[in-house]
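To start, the structure under review is shown below, and the notes come after it.
Residue numbers (the numbering used here): 792 to 1157.
Right under this line is the structure:
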């Protein structure tokens, strides 16, 4: 009796120890692929975020200062916003912009007038070193006349603004006159610049080439300053409307600001969570086939490999039960079961070794 119980216990323990693990070769390959993808994705996400932070940090000093200034000076509405900002930033008192945007217009107009005056004086000085019969001298004389006319037009605009003392108090006829004067001033500076470009390639004397290049550079700057003043004045209604009726939670100066981080963060987080969930599903300790097996349901159509498969053979008129692995990987040859009873009458749940040790089996006659 004692020996039969011991044999039965040893057989059950050996049966459980020989139970194959649920992890198959394909499952292991999937795990390796998922973990590798997870690591690569994490590295790519970290590199992308660091690159974005670095780019924003590198451009921050002047770039952010420029857009901060353009909110005050409205340089983004001009044809040459960088020149607008660098020329207006040193001369405008920002505290004066709290109550009115008028200092923006007056400063821009004064900058254009000052540049035209300096350019006219430079042309007069350059003509002193050029002979009277030189074609360069005639071009300089033409430019001097054009810039003097442009300067007079801008002075007319300044007089009109000085009388009213406020950009907001202009009447419609006054605004139309200033707009026409500005266009005339910019056109004169443009004609001078084009004439200097045409003569530049035909000048053969070295000191005349240097003089033409210097004058052309100054004319170009004066032309751009006059164009910036015209751009601000043309946008006068928009500036006044935005200044006195600001649109809250809007940003015309840096589209996408504050959204680039959020979009990348949401994208990376969603993909990261997807990989985590997929990894957790593949790493589940029990496959679908094993769950069906433990509940007594036929798992022949399951995608997972069952843990054990019982077979019944008749030998010498006696039923012999054997078990073997149904998985495709190699398994030991099936051996006859020493159970003196029908295993089908047992519970399909796998008996743990602890329960086997503590359980007292009844005596079985041999």
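Beta carbons: idealized from backbone N, C-alpha and C, even for Gly.
Please state if the CB of residue 979 and the CB of residue 941 are separated by a distance shorter than 8 angstroms.
yes
Which one of 1014, 865, 1006, 840 has the shortest CA to CA distance from residue 1028?
Nearest to residue 1028 by C-alpha distance, out of 1014, 865, 1006, 840, is 865.
Tell me whether the beta-carbon of residue 910 lies closer than 8 angstroms to the beta-carbon of residue 1009.
yes
Can you tell me whether residue 896 is buried or exposed, with buried defined as 16 or more other CB within 10 angstroms of its CB?
buried
Does the contact criterion of 3 or more C-beta pairs under 8 angstroms hold for the segment 1011-1026 versus the segment 899-919?
yes
For residue 1035 and residue 958, what's the separation of their Cα atoms in angstroms?
14 angstroms
Measure the beta-carbon distance from residue 1018 to residue 934 and round it to whole angstroms, keeping in mind my assumption that it falls under 8 angstroms.
In fact, because the Cβ distance is near 17 angstroms, the residues do not count as touching under 8 angstroms.
Taking the C-alpha atoms as reference points, what is the distance between residue 966 and residue 1026?
12 angstroms
Using the Cα positions of residue 1067 and residue 841, report the straight-line distance between them to the nearest angstrom.
22 angstroms
Find out if the Cβ-Cβ distance for the pair residue 990, residue 926 is shorter than 8 angstroms.
A contact, by the Cβ cut-off of 8 angstroms.
For the alpha helix (DSSP H) that residue 902 lies in, which residues bound it at each end?
893-918
Coarse secondary structure for residue 880, derived from DSSP in three states
coil
Would you mind sorting residue 969 into buried or exposed? The rule is 16 or more other CB atoms within 10 Å of its CB.
buried
Starting from residue 1027, follow the alpha helix (DSSP H) in both directions and report where the run begins and ends.
First-last of the alpha helix (DSSP H) with residue 1027: 1027-1035.
Check whether residue 878 and residue 1016 have beta carbons under 8 angstroms apart:
The beta carbons of residue 878 and residue 1016 sit closer together than 8 angstroms.
Of the choices 869, 873, 1005, whose alpha-carbon is the least far from that of residue 912?
Measuring C-alpha to C-alpha distances from residue 912 to each of 869, 873, 1005 identifies 1005 as the nearest.
Tell me the start and end of each unbroken beta strand (DSSP E) in the segment 956-1003 that is at least 3 residues and wholly inside, in chain order.
none
Just checking: is the beta-carbon of residue 933 within a distance shorter than 8 angstroms of some beta-carbon in chain C?
Given the protein chain composition of this structure (a single chain), no chain C is represented.
6 angstroms Cβ shell around residue 930 - same chain, five flanking residues per side excluded:
986, 990
Assuming residue 881 and residue 888 make a contact with CB atoms under 8 angstroms, what is their CB distance in whole Å?
About 15 angstroms; that fails the 8 angstroms criterion.
If you measure between the beta carbons of residue 945 and residue 917, is that distance less than 8 angstroms?
no
Check whether the Cβ atoms of residue 1023 and residue 832 sit closer than 8 angstroms, and answer yes or no.
no
Local conformation of residue 1021 per DSSP, three classes
Helix.
For residue 1002, count the other beta carbons within 10 Å of its own beta carbon; 16 or more makes it buried, fewer makes it exposed. Which is it?
buried
So what does DSSP say about residue 889, is it helix, strand or coil?
coil
Rounded C-alpha distance that separates residue 757 from residue 971
This structure cannot speak to residue 757, because the chain is shown only from 792 to 1157.
Cβ shell of residue 932 (< 8 angstroms), same chain only, five flanking positions each side left out:
If we look at residue 932 and ignore the five residues flanking it on each side, its Cβ neighbours are 918.
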